[in-house]
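Residue numbers for the sequence shown follow this note's numbering, so the first one is 4 and each next one is one higher. One structure below.
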Amino acid sequence: MAETEADADSDPIFDRETLLDISVNLVPMFILLFFIVLFAVWTPWEGQPLIFAMSHLLTIIPFVLLGLLTWIAAHYVR
4 MAETEADADS
14 DPIFDRETLL
24 DISVNLVPMF
34 ILLFFIVLFA
44 VWTPWEGQPL
54 IFAMSHLLTI
64 IPFVLLGLLT
74 WIAAHYVR
């Protein structure tokens, strides 16, 4: 029997098979999250606000975009 659109919407988006499919995106997200926390706790560029801002932008923006891409991929893989 074919699965209908209503049945697909009742399933959780992150089931086991979907997590396996998108795990390739989760590993870089954890690495980016590690650097976000590291740069928030320990700042090697004190007194240089431009470098501080750029280091956070270069980790936070890819993290957010990769999270969005992962969510979209999970939605379409499902």
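All C-beta atoms, glycine included, are put in the ideal place defined by N, C-alpha and C. Keep in mind that this is a model prediction, so the values were computed, not measured.
Boundaries of the alpha helix (DSSP H) around E20: R19 to V44. DSSP places G70 in the helix class (H, G or I) of the three-state scheme.
Excluding five sequence positions before and after W48, the CB atoms of its chain that fall closer than 6 Å to its own CB belong to I54 and F55, given in chain order. In this structure, DSSP gives P52 a helical state, which the three-state scheme calls helix. Relative to G70, the option among L41, P52 and S26 whose CA is nearest is S26.
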